[in-house]
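A.B. asks:
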Amino acid sequence: MTTETQAASLPTSSKALIAVYALTAVGALIATWSQNLAYMGSENFLAFGNDLKVTPASRSIAVDLFMLGIPLAILMVAEARKHGVKFVWLYLIGSAVTAISVTFPLFLIARELRIAKTDATQLHAGDAIGLGILAVVMAAIVIWVDLG
Numbered sequence: 091m092t093t094e095t096q097a098a099s100l101p102t103s104s105k106a107l108i109a110v111y112a113l114t115a116v117g118a119l120i121a122t123w124s125q126n127l128a129y130m131g132s133e134n135f136l137a138f139g140n141d142l143k144v145t146p147a148s149r150s151i152a153v154d155l156f157m158l159g160i161p162l163a164i165l166m167v168a169e170a171r172k173h174g175v176k177f178v179w180l181y182l183i184g185s186a187v188t189a190i191s192v193t194f195p196l197f198l199i200a201r202e203l204r205i206a207k208t209d210a211t212q213l214h215a216g217d218a219i220g221l222g223i224l225a226v227v228m229a230a231i232v233i234w235v236d237l238g
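Once you know that position 16 of the sequence shown is 106 in our numbering, the rest is easy, because the numbers rise by one and skip nothing.
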């Protein structure tokens, strides 16, 4: 079966999720790496870790992100084993090189492709509306922060 045939046979809900995950990964890559590249251009790139601790706000978001990383890693490994998603550790290692906001959606795409034919994710209309609103608000915050 070709990839094109596989994609055509996916339920609409899976196609929508995959599209959102892909857009999130691309948006995250652009938003995080625009900042990473700007930081790398500075003379103190090696001070990145110390700069995470400069203000209570930076400490809060850094701790929040790293603490979120623990259950995300557990979830990714557990779901990978449950659904036969390959290379789960590459997604986790990749998150240290790119960003977890890039690799986690990529993992979710791989997961959805594995489960779509047997156990496709179904969202209620209220879920889709709530998640859409949340995504718009979060995207606006990312743009606001990213543009400085």
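Ideal Cβ placement from N, Cα and C applies to all residues, glycine included.
Could you tell me if F197 is buried or exposed, where buried requires 16 or more neighbouring beta carbons within 10 angstroms of its beta carbon?
C.D. replies: Residue 197 sits at position 107 when you count from the first residue of the sequence shown. By the neighbour-count rule (16 or more Cβ atoms within 10 Å), F197 is buried.
A.B. asks: So, does the region 135-149 touch the region 220-234, judging by three or more C-beta pairs under 8 Å?
C.D. replies: Contact fails: fewer than three Cβ-Cβ distances are below 8 Å.
A.B. asks: Is G159 near the ligand GDP, with its Cβ less than 7 Å from a heavy atom?
C.D. replies: Ligands are entirely absent from the displayed structure, and the ligand GDP is therefore not among its contents.
A.B. asks: Can you say whether I183 is buried or exposed, counting buried as having 16 or more other CB atoms within 10 angstroms of its CB?
C.D. replies: On the sequence shown, residue 183 is found 93 positions in, with the first residue counted as 1. Classification of I183: exposed, given that the 10 Å Cβ count is below 16.
A.B. asks: Does M91 come out as helix, strand or coil in the three-state DSSP assignment?
C.D. replies: Numbered from 1 along the sequence shown, position 1 holds the residue referred to as residue 91. Low confidence applies to M91: its pLDDT is 48, below 50, so where it sits in the model is not reliable, and the reading given next is rough at best. Note: M91 maps to coil in three-state DSSP.
A.B. asks: For N126, I'd like the list of residues in its chain whose CB is within less than 7 Å of its CB, leaving aside the five on either flank, ordered along the chain.
C.D. replies: Here residue 126 is taken as the residue at index 36 of the sequence shown, counted from 1. Nothing meets the Cβ criterion.
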